Every structure is written in structure tokens, then in C-alpha cells.
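Here the sequence shown is numbered in this note's numbering, starting from 4 and rising by one per residue.
Ideal Cβ placement from N, Cα and C applies to all residues, glycine included.
Because the structure is a prediction, the values reported are computed rather than measured.
Notes for the one structure printed next.
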Amino acid sequence: MAAPPISPPKYFPNVAFLDGELSSLPETRQQLIQSLTTILRGSPPRKPWTDSFKKDPQGLWTGPSSIAYLFFWLSKTHPNLTIEKQLAIDWCLAYLDCGSDTHPVSGNGVGVKNEFLAFNTVKAIATKDLTCVEKVRSAAATFNTEAPAVESEYLSGRAGTLALLRILRHWFPEASEELNQTMEPIIKHCLDNQPWKFRNVQYIGAAHGSIGIITQIILCNPRYSKELEPDLIEHLDAQRDNGNWFCRAGEPDRAELVQFCHGAPGFVFSLLKLRPHFPKLHSQIDNVIKLARQCIWEQGLLNKEPNLCHGITGNALALESPQRDHFMSYATAERIQAGSEDGTFVMSDDRYGLQWGEAGRAWGWMVLDINAVEEMGWPAYTDI
């Protein structure tokens with residue numbers, strides 16, 4: 004098969020990779036407060052919710068529930084921090100009062116993009132409302148029997164449903180038995196419907212592909228580690244010499260994608276959480292993570308405005324300090340403004356949401372401020 008034409012690089016050169024001079028990390032608390040203030044002033048809680056990026060909210064990807072999830076976690080990491088005269092939990096509840104309670108059960112797939120599932124998950128953990136837990140659990144069980152068999156990926160498929168159920172299980176241990184019972188047929192459905200495809204393509208990355216599905220299954224029920232070990236080994240062996248992975252199983256890419264959705268960063272987040280469940284593979288996993296981080300360090304300063312999903316912020320969180328600090332120095336408001344003016348950055352369509360906007364940058368500053376990047380990982384993917 005002839006290789007496809009190569010697209011222009013999606014990153015700019017990492018000067019520190021060439022000369023070894025790293026930028027220092029800005030004051031994280033100041034950056035966090037500035038980022039949160041930008042969200043509250045630019046996209047405050049409102050009903051009806053309007054957004055120039057997506058007409059309808061997209062669960063924990065973009066929209067009010069995604070911002071509420073950020074503020075929920077902030078209420079745990081910084082419970083006494085006041086932003087615009089209110090505590091984080093108050094802002095969380097305000098973003099939960101933007102009309103998503105009337106959003107239909109169907110729509111935006113069955114994963115973390117589903118507004119009904121995401122809203123009720125965040126409302127449940129923010130208010131300790133067991134009726135919201137039951138809404139998610141009941142909808143998840145229905146989706147598993149009615150959704151197309153191929154819908155297993157994280158963003159809009161069954162792996163995303165598992166991630167939301169796992170969040171609920173963490174914050175509602177008293178409901179663990181019922182939630183586990185809901186997870187089990189979803190897991191079995193995923194395992195019985197391989198190879199996993201999204202839009203008829205066999206992706207292997209975190210957001211749309213098989214490593215994301217494996218990650219959510221194992222984190223829901225580690226007893227499947229033995230069954231999935233051959234699949235994980237296959238993914239480890241698929242790493243290329245440059246530390247990255249192709250987007251599609253066995254197919255060269257037109258572009259070298261180094262981001263959470265496709266490529267090395269998503270694998271790093273997954274493997275860090277999977278490692279404890281595969282003791283025989285520790286050495287291989289460690290070597291794969293090391294090589295993947297080298298790839299991110301060389302090719303991870305992406306041209307997109309710094310964000311979690313397709314940008315520098317997400318890639319930074321896949322690194323260790325001081326390389327992480329160097330990457331995050333590009334995510335300050337000042338450097339983003341300068342980068343947009345000189346053409347370094349292509350501005351994001353989504354100004355404020357969690358995965359593509361300002362809320363994702365706030366997530367980065369939040370976890371850096373408490374030095375908990377490894378523990379909290381990626382929001383709604385490996386944060387618990």
C-alpha cells in the first residue's frame with residue numbers, strides 16, 4: 004500500500020529540545036485564578052445556554068456540564084478558593100442550572116458527549132442526589148441494548164458510559180453493587196463486538212479507539228486484565244520507533260498526530276493507570292511510556308491554541324517536570340495572546356469548554372497547583 008501524502012507538521016519546534024534551555028513554570032495559583040475568571044466573565048452560567056461553538060451542549064466535552072465538572076473538582080482541590088466572590092461548589096451548581104436538566108436522554112451518542120448522562124453524573128456527585136445516579140444507571144442499561152453494536156469508543160460510545168458510571172461509583176460507594184451490575188453487560192458487549200470501530204474506522208487512540216476502550220474496561224473491573232493482556236501487548240508492540248502510534252490500526256497517517264485523541268499523549272495517560280493491573284508488563288510499559296514522552300517532548304508543542312484535547316495543555320500533563328513546566332509556560336494568557344497575534348497559534352473554535360477551551364487550561368493549572376498531575380490524570384478518563 005502506497006503511503007499517503009504527508010501533511011504539514013501540526014507543531015512548532017521545541018527550542019528546549021534543541022538547546023536544553025527550559026522555561027520556568029509561572030505562578031500556578033495566579034494562572035488558575037486568571038483562567039477561572041476568564042471563564043466566568045466570558046461564559047457565565049445562563050439559561051437558556053448558548054454557545055457559538057456547538058448549538059447543543061456536548062456533555063463533558065464542551066458546554067455547561069463540562070465547566071461544572073471542572074468546578075466540582077476545584078471544590079475538592081481548592082475548597083476555600085473564592086472566584087468572583089463565590090466558592091467553586093457554588094459555581095458548579097450555577098453551571099448545572101443552565102437548562103441541561105431538560106435535555107433529552109438520546110443525542111450525542113452514549114459516551115461522555117451525551118449531555119443527559121454527563122449532566123446527571125455531575126449533578127449527582129455535586130449534590131449527592133441518588134435519583135440522578137439512578138437516571139444515569141437506567142439510561143446506561145437502556146443504551147447498551149439499543150445503541151448500535153459498534154459504538155464502543157470513549158467519546159460517544161460505551162467506553163464513555165463506563166467512565167461516567169465509574170465516576171459515580173467513586174463518589175457513591177453505597178451504590179457500587181448496582182453500578183457494577185450495570186457495568187458488567189456493557190463490558191461484555193464491548194468484548195463481544197471486536198474489532199472496535201468508530202465511523203467504520205479501526206482507530207487505536209484514547210478518544211475514539213481501542214486503547215481508550217481497554218482503559219475504561221480495566222479501570223471498571225481489573226479482573227479483565229488477564230483476558231485483555233494480549234490486546235494490550237499488541238498495542239505496546241504497535242509503538243513506532245519515534246515513540247508515536249498510527250491513528251488507524253496498521254495504516255500510515257497523512258499527518259503525525261501527537262495529542263490525546265490520537266497518538267502518544269493518550270497512550271501515556273492510559274498506560275500510567277493500566278500499569279498496576281499488568282505486573283508482568285511493568286518493564287515494557289515503562290519503556291513505552293519513556294519513548295512516548297520523548298515523542299511528545301519533540302513534537303508536542305501543537306499549533307492549536309493550548310487546550311486539553313488537541314493542544315499543549317493536554318500534552319504537558321502527559322510529561323514529567325521540568326518538561327511539563329516548560330510546556331505549561333506556553334499556556335499562560337499572555338503567551339496565548341502573543342501567539343495568536345504572531346501566528347504561532349491557531350485560535351480554538353471553542354473558547355470556554357473543558358476539552359477544547361479555557362476550562363481545560365484551568366484544569367491544567369489546578370492540578371499543577373496542588374502537584375497532583377499523576378494522580379488526577381485526564382478529566383473523566385483517568386482522574387479517578
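Using only CA atoms, which one of the options lies nearest to residue i?
i           : options            : result
residue 31  : 165, 81, 17, 218   : 81
residue 166 : 115, 154, 259      : 115
residue 52  : 244, 217, 105, 126 : 105
residue 1   : 150, 119, 152      : For residue 1 there is no data in the structure shown, the boundaries of the chain being 4 and 387.
residue 130 : 232, 95, 147       : 95
residue 59  : 98, 12, 117, 71    : 117
residue 235 : 272, 188, 352, 284 : 284
residue 190 : 292, 148, 107      : 148
residue 288 : 316, 246, 310      : 246
residue 162 : 138, 42, 376, 196  : 196
residue 367 : 342, 101, 330, 240 : 330
residue 219 : 239, 100, 160      : 160
residue 49  : 352, 376, 71       : 71
residue 74  : 43, 102, 54        : 43
residue 140 : 182, 107, 286      : 182
Which value, in whole angstroms, describes the spacing of the CA atoms of residue i and residue j?
i           : j           : result
residue 144 : residue 134 : 15 Å
residue 347 : residue 321 : 22 Å
residue 128 : residue 173 : 9 Å
residue 92  : residue 314 : 27 Å
residue 193 : residue 155 : 6 Å
residue 225 : residue 207 : 20 Å
residue 276 : residue 383 : 13 Å
residue 16  : residue 113 : 38 Å
residue 274 : residue 248 : 14 Å
residue 125 : residue 22  : 45 Å
residue 250 : residue 180 : 36 Å
residue 360 : residue 35  : 14 Å
residue 323 : residue 201 : 31 Å
residue 282 : residue 14  : 35 Å
residue 259 : residue 89  : 43 Å
residue 4   : residue 20  : Any reading at residue 4 must be qualified, since the residue scores a pLDDT of 44, below 50, and its modelled position is unreliable; the value itself is stated next. Cα-Cα distance, rounded: 34 Å.
residue 340 : residue 354 : 13 Å
residue 278 : residue 374 : 21 Å
residue 86  : residue 39  : 7 Å
residue 61  : residue 110 : 9 Å
residue 293 : residue 78  : 33 Å
residue 98  : residue 371 : 24 Å
residue 290 : residue 242 : 11 Å
residue 142 : residue 170 : 15 Å
residue 345 : residue 365 : 24 Å
residue 230 : residue 188 : 16 Å
residue 301 : residue 244 : 13 Å
residue 216 : residue 332 : 32 Å
residue 57  : residue 377 : 31 Å
residue 233 : residue 213 : 13 Å
What is the DSSP secondary structure of residue i, reduced to helix, strand or coil?
i           : result
residue 354 : coil
residue 307 : strand
residue 335 : coil
residue 254 : strand
residue 326 : helix
residue 261 : coil
residue 201 : strand
residue 4   : Low per-residue confidence applies at residue 4: pLDDT is 44, beneath 50, and the placement is therefore not dependable, though the value from the model is reported in the following sentence. Coil, per DSSP.
residue 347 : coil
residue 40  : helix
residue 14  : strand
residue 287 : helix
residue 384 : coil
residue 302 : helix
residue 218 : helix
residue 80  : helix
residue 53  : coil
residue 61  : strand
Rounded to the nearest angstrom, how far is the Cβ of residue i from that of residue j, given a contact under 8 Å?
i           : j           : result
residue 270 : residue 252 : Contact doesn't hold; Cβ gap of about 14 Å is too wide.
residue 335 : residue 29  : 5 Å
residue 328 : residue 27  : 7 Å
residue 349 : residue 306 : 5 Å
residue 311 : residue 363 : 3 Å
residue 121 : residue 158 : Going by Cβ atoms, the distance from residue 121 to residue 158 rounds to 12 Å, so no, they are not a contact pair.
residue 255 : residue 261 : In fact, because the Cβ distance is near 15 Å, the residues do not count as touching under 8 Å.
residue 280 : residue 228 : 4 Å
residue 41  : residue 356 : Actually they do not touch by this definition, with Cβ atoms about 13 Å apart.
residue 63  : residue 325 : In fact, because the Cβ distance is near 30 Å, the residues do not count as touching under 8 Å.
residue 146 : residue 164 : 6 Å
Quick check: is any heavy atom of the ligand MG less than 7 Å from the C-beta of residue i?
i           : result
residue 335 : By its list of ligands, the structure shown contains no ligand whatsoever, and the ligand MG lies outside what it can speak to.
Q) Whole alpha helix (DSSP H) runs in the region 84–109 with 4 or more residues, listed along the chain? A) 91–98
Q: Let me know the alpha helix (DSSP H) ranges lying completely inside the region 134–187, each 4 residues or longer, listed in chain order.
A: 161–174
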